[in-house]
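Residue numbers (the numbering used here): 28 to 481.
Glycine included, C-beta positions come from ideal geometry on N, C-alpha and C.
These numbers come from a predicted model, not from an experiment.
Accompanying notes for the structure given below.
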Ligand SMILES: *Cc1c(COP(=O)(O)O)cnc(C)c1O
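Have a look at this one:
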């Protein structure tokens, strides 16, 4: 067998619908609550922030939701994305495992995020919206929405977490190249930003704070809505093109994944690859071991309780039940900026509660070591976030070696690291710290969880 093994689907195999896991779950997840009344919210409560078409997707229980043709047409630029068999990595590891990766770095922004950015921009355009505000961590989401905004003629305002704004000037340059405005967060433009800066003028920012700023700006204007790059049901839904394509590619490969892994920040690329397989399993198909891989410095799934919490720091968002480290938790400034969120997608948290997935956490040096090993075997330099999935997959492959069994391992390579080379420079210079979160800060943040009547 050749060492370059690539499974490419023809254009017409781009999925025609997104897959909605809610249709196949044995019970519905806990309701989303209004932050004032603590009662379940209705679609109208979200209307100031999102167009109704996306709100209806957020609460839909239909199994298949049709992908509009203009969205499929943009997808055509890079989808179906390739599935590779990592033969060279298998050899380097001397493992009997069959390692596959679905590569989402082929999109214009270099990650899976345009899968939902394009859909969200389309529905906002349809609703007559002219401006979208959003937050970004490492800049992957901001640049993806900036790309989509440019295609659909929508102005994009991005509140970028301060530490990443300083660490990653090239992502900002990319957003600006696409025509977006990029503001370091916390900023002086919003009440929530000003309140944070009054307490700490050099605050490094967090996704929770940047979300507060973007939500505040969107809620003030009729022509402006807000977009979130992860966490919400409709975002996870849009990412399911990944897993659906992977299923078709595994058919081409005449194989079936025993283990499926993805890194988890807010949970969207993980859900994208895993949910279609979980759905098939729930409908009576074969069982998989499914693993979410997260950073030890921000371990929401492995260390956070499953509890109602706010999605942002200023407590403007509805309450959702999720694995959370507390909405006031500020994770340390490690390099996988896309994984620095205090909570986990409610739907990913719920499937973990149901025992359908496992979660593991790794320190960043081990993840970069895995990423470098992967790059030397396969040629692709992964994004620091994706290195977590690589590390998880390599560990699974080494288990196969120990046990002398061959399992098929599939992981989502969520993006390339071309804009993150400073992180690789720091890694090679031995400058990356393996931080754990601050126990005292975590305890404080968890003590501040909202109390919700049963
Ligand atoms: C944003 C990002 C992540 C984390 O977000 P999820 O919603 O958990 O997928 C992971 N990988 C890359 C490349 C990203 O840009």
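Nearest to residue 323 by alpha-carbon distance, out of 303, 263, 355 and 394, is 394. Around the beta-carbon of residue 479, fewer than 16 other beta-carbon atoms lie within 10 Å, marking it exposed. Judged by DSSP secondary structure, residue 211 falls within the beta strand (DSSP E) whose first and last residues are 208 to 212. Where residue 158 is concerned, the enclosing beta strand (DSSP E) starts and stops at 158 to 163. Take the alpha-carbon of residue 255 and the one of residue 430: they are about 42 Å apart.
In chain order, 352, 353, 354, 355, 356 and 369 place their CB closer than 8 Å to the CB of residue 472, counting only its own chain and leaving out the 5 sequence neighbours on each side. Residue 64 and residue 72 have their alpha carbons spaced roughly 12 Å apart. About 4 Å separates the beta carbon of residue 438 from that of residue 420, a gap short enough to meet the 8 Å contact definition. In the structure shown, residue 287 adopts extended strand secondary structure according to DSSP, grouped into three states. Judged by beta-carbon spacing, residue 415 lies within the 7 Å limit of residue 290, meaning their Cβ atoms are closer than that value.
Per the coordinates, the alpha-carbon of residue 280 lies some 17 Å from the alpha-carbon of residue 313. Pairing residue 318 with residue 385 gives a Cβ-Cβ distance under 7 Å.
Exclusion of residue 325 from the 6 Å shell around ligand 1 follows from its C-beta lying no nearer than that to any non-hydrogen atom of the ligand. Taking each of 239, 164 and 147 in turn and checking the Cα distance to residue 156, the smallest one comes out for 147.
For the options 229, 218 and 241, the alpha carbon positioned closest to that of residue 210 is the one of 241.
Bridge pairing for residue 439: 129 [DSSP]. Secondary structure remark: continuous alpha helix (DSSP H) runs of at least 4 residues inside the segment 194 to 271, in chain order: 196 to 204, 218 to 226, 234 to 246 and 260 to 265.
With a cutoff of 7 Å on beta-carbon distance, residue 56 and residue 373 are scored as near each other. Going by DSSP, residue 38 is part of no beta strand (DSSP E) at all; its letter is neither H nor E.
For residue 436, the closest alpha carbon among the candidates 102, 110 and 86 is that of 110. Ranked by how close their Cα comes to the Cα of residue 243, the residues 264, 339, 202 and 151 have 339 in first place.
When beta bridges are read from the DSSP output, residue 171 appears opposite no residue. According to the DSSP secondary-structure assignment, residue 150 is paired through a beta bridge with no residue. Residue 51 carries a coil assignment under DSSP once its states are collapsed to helix, strand and coil. Look at residue 353 here: in three-state DSSP terms it is coil, with no helix or strand label. Judged by DSSP in its simplified three-state form, residue 192 adopts helix. In this structure, DSSP gives residue 278 a helical state, which the three-state scheme calls helix. Here the alpha carbons of residue 392 and residue 460 stand approximately 7 Å from one another.
For the set 399, 403, 413 and 466, the Cα lying nearest the Cα of residue 455 is the one of 399. Closer than 6 Å to some heavy atom of ligand 1: that does not describe the Cβ of residue 321. Inclusion of residue 78 and residue 200 in the CB contact set at 7 Å is not warranted, their separation being larger than that value. The C-beta distance from residue 167 to residue 442 rounds to 6 Å, short enough to fall under 8 Å. Boundaries of the beta strand (DSSP E) harbouring residue 316: 316 to 322, taken from the DSSP string. With at least 16 other beta carbons inside 10 angstroms of its own, residue 84 counts as buried. By the Cβ-count criterion, residue 187 is buried, with 16 or more other Cβ atoms from all chains shown falling within 10 Å of its own Cβ.
For residue 368, the three-state secondary structure derived from DSSP is coil.
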